[in-house]
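Colleague:
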Amino acid sequence: MKGKDMPSIDVKKNSKIFIGVGAVVLFALGIVIGRFLLGGGGATGSLNGRTTLSEGELNTPIASYTYNGQTKEVTAREVIENTSGLDAAKQSDGTYAVPAADKIIGYVRNALVVAEAQSKGITVTDDEVNNYMQTNFKTTDVSQVASAYKLSEDVAKKLIHDAVIMKKYRDSVLTTTLPDAPQAPTAPEDGNSETTSQEYAQYIIGLAGDEWDAKNNTWASQDGDYYKQLSAYSISNDSASYAAAQTAYQVAMSKYSAVASKASQEWSQKINEILGKASIAVYSLAL
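In our numbering, the protein residues as written are 60 to 346.
#1: Grouping DSSP H, G and I as helix and E and B as strand, with all else coil, what is Ile163?
#2: When DSSP builds the beta bridges, which residues end up paired with Tyr228?
#3: Let me know if Pro238 comes out buried or exposed under the rule of 16 or more other beta-carbons within 10 Å of its beta-carbon.
#4: If you reduce the DSSP assignment to three classes, tell me which class Thr182 lands in.
#5: Using 7 Å as the cut-off, classify the Cβ of Thr234 as near or not near the heavy atoms of the ligand MN, replying yes or no.
#6: Contact between the region 200 to 219 and the region 261 to 274: three or more CB pairs below 8 Å?
#7: Return yes when the Cβ of Val172 is within less than 8 Å of the Cβ of His220, no when it is not.
#8: From Tyr126 to Ala319, what distance separates their C-alpha atoms?
#9: What does DSSP give as the partner residue(s) for Lys197 in the beta ladder?
#10: Mind the definition here: the region 246 to 264 touches the region 293 to 313 only if three or more C-beta pairs lie below 8 Å; say whether that holds.
#11: Take Glu114 as the anchor and find which of Lys131, Asp146, Glu132, Glu175 has the nearest alpha-carbon.
#12: Which value, in whole angstroms, describes the spacing of the CA atoms of Lys131 and Gly108?
#13: Hey, does Ile264 have any beta-carbon neighbour from chain C nearer than 8 Å?
#14: Mark Lys236 as exposed unless 16 or more other C-beta atoms lie within 10 angstroms of its C-beta, in which case mark it buried.
#15: Give me the Cα-Cα distance between Pro247 and Tyr228, rounded to the nearest whole angstrom.
#16: Quick one: residues in its chain with C-beta nearer than 6 Å to the C-beta of Glu332, no 5 flanking neighbours on either side, listed in chain order?
#17: If Thr142 sits next to Leu112, beta carbons under 8 Å apart, how far is it from one beta carbon to the other, in whole angstroms?
#18: Count the other CB atoms, across all protein chains shown, that sit within 10 Å of the CB of Ser290; report buried if there are 16 or more and exposed otherwise.
#19: Expressed to the nearest angstrom, what Euclidean distance is found between the alpha-carbon atoms of Gln203 and Ala148?
#20: Using a 10 Å radius around the Cβ and a threshold of 16 neighbouring Cβ atoms, would you call Gly180 buried or exposed?
#21: Could you round the C-beta distance between Val133 and Val167 to whole angstroms and report it? I think they count as a contact, below 8 Å.
#22: If we ignore side chains and look at the alpha-carbon of each, how far apart do Ala243 and Gln193 end up?
#23: If you measure between the beta carbons of Tyr286 and Pro241, is that distance less than 8 Å?
#24: Tell me which residues share the same chain as Val341 and place their Cβ nearer than 6 Å to its Cβ, disregarding the 5 neighbours each side in the sequence.
#25: List the whole-angstrom C-beta distance separating Ile139 from Val183, where the pair is believed to meet the contact cut-off of C-beta under 8 Å.
#26: When DSSP builds the beta bridges, which residues end up paired with Gln129?
#27: Starting from Val318, follow the alpha helix (DSSP H) in both directions and report where the run begins and ends.
#28: Alpha carbon to alpha carbon, how far is Ile76 from Lys329?
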């Protein structure tokens, strides 16, 4: 049985920014700066156009990168362990597919971000790791995470540790503050969108914030985004329909997405700065 994918750090999948920069950014930047080499490097001959590796060949270098004056080689084992896990990647004949270029690039990208974060003195505590695990995996037991994703405990521990470092670095360099993503209102049991309740009213008021005048039990003004979308609904401090709550949620998500997009663009620029200081060579042409 294939292992699960580790929780994505892509803003589109999780509605929050973690490492929302795709491999395409790295590839494009590499061409621009002329320091990214695909299918090149001194170890090319060891692969010689092959698409599979035996277990004994997992330590074969498939890429290298130079950053801050230090050059490091990347092995097939490292990329496989950090993407799907060895167990999940093992084929029926006992071999492993040579990691595709985009997976190699993604691995190097994350390694560069971690290196940059550590160069800035960013470290993580056990409490921070546990908080991250509880939020993303609903457990603080590394063995459970490793088992669920078909990874060794050491690999799972490193992935989580690196994710926390990258998140802390992201938070330290971004000037755009990303709020928590809004939660959708709970649908009524009967499925009737016209169902009203105080709960829906308070949900809307909570999202609208200063746009709602609770003292006078009405909208504070007619200029706000929530009023513009909800003015046709009957809303008070004590009652509103599920349909109105859904509309309020859509407004909140639109606002959140705009901030998330701005934060993602800012983060992409920071990643590009890091990549601009690196030289990267990928020896595999596998897709």
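Cβ coordinates follow ideal geometry from the N, Cα and C atoms, glycine included.
Modeller: Concretely, from the data shown:
#1: helix
#2: Its beta-bridge partners do not exist; DSSP assigns none.
#3: By the Cβ neighbour-count rule, Pro238 is exposed, with fewer than 16 other Cβ atoms within 10 Å of its own.
#4: coil
#5: Absent from the structure shown: the ligand MN. Ligands present: none.
#6: No contact exists between the region 200 to 219 and the region 261 to 274.
#7: no
#8: 29 Å
#9: According to DSSP, which records beta bridges pairwise, Lys197 is partnered with nothing at all.
#10: yes
#11: Asp146
#12: 22 Å
#13: Absent here is chain C; the protein component of the structure consists of one chain.
#14: Residue identity check: residue 236 is Thr in the sequence provided, not Lys. Burial call: exposed.
#15: 41 Å
#16: none
#17: Actually they do not touch by this definition, with Cβ atoms about 14 Å apart.
#18: Label assigned to Ser290: exposed.
#19: Near 19 Å, if we compare the C-alpha coordinates of Ala148 and Gln203.
#20: exposed
#21: That pair is a contact at about 6 Å.
#22: Taking the straight line joining both Cα atoms gives about 21 Å.
#23: no
#24: Cβ within range, chain order: Leu97, Ala122, Ala160, Ile163.
#25: The pair is not a contact, with the Cβ atoms about 25 Å apart (cut-off 8 Å).
#26: Looking at the DSSP output, Gln129 sits in a beta bridge with Tyr126.
#27: 301 to 334
#28: Residue confidence for Ile76 is low, a pLDDT of 25 falling below 50, so the modelled location carries little weight and cannot support an answer.
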